[in-house]
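Quick note: the sequence shown, position 13, residue 12 per numbering that gives the first Met the number 0, numbers continuous.
Data first, discussion second: the structure below is written as structure tokens.
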Amino acid sequence: MNENLVGRTNQTVIPEAKKGLEQFKYEVANEIGVQVPPTGYWGNMTSKECGSVGGYMVKKMVEAYERGLAGRQ
């Protein structure tokens, strides 16, 4: 495990990716039908809603990585 990540939560490992990940989060929320308040504040949303967005983001990222691996062969 990377020692730089120990004890860190909810921080972007690659700071340059933060804007793209934020946009991706909203795209995924829209895709799965989760209504994000116009203010962009996620604090009043349920754990189920936020978890479904995060889980689907991970699923899509793993799929993209697997496609990349398959293309190397």
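C-beta: ideal position from N, C-alpha, C; glycine also.
Tell me whether residue 43 sits in a helix, a strand or coil according to DSSP, three-state version.
-> By one-based count along the sequence shown, residue 43 stands at place 44. Residue state, collapsed to three classes: coil.
State the DSSP-derived secondary structure class of residue 9, mapped to helix, strand or coil.
-> Taking the first residue of the sequence shown as position 1, residue 9 is located at position 10. Residue 9: coil per DSSP, three-state reduction.
Rounded straight-line distance, which links the Cα of residue 42 to that of residue 24 = Working through the sequence shown from its first residue, we reach residue 24 at position 25. Working through the sequence shown from its first residue, we reach residue 42 at position 43. C-alpha separation (whole angstroms): 15 Å.
Name the two residues that bound the continuous alpha helix (DSSP H) containing residue 27.
-> By 1-based counting over the sequence shown, the position of residue 27 is 28. Looking at the DSSP string, the run of the alpha helix (DSSP H) that includes residue 27 is 17 to 31.
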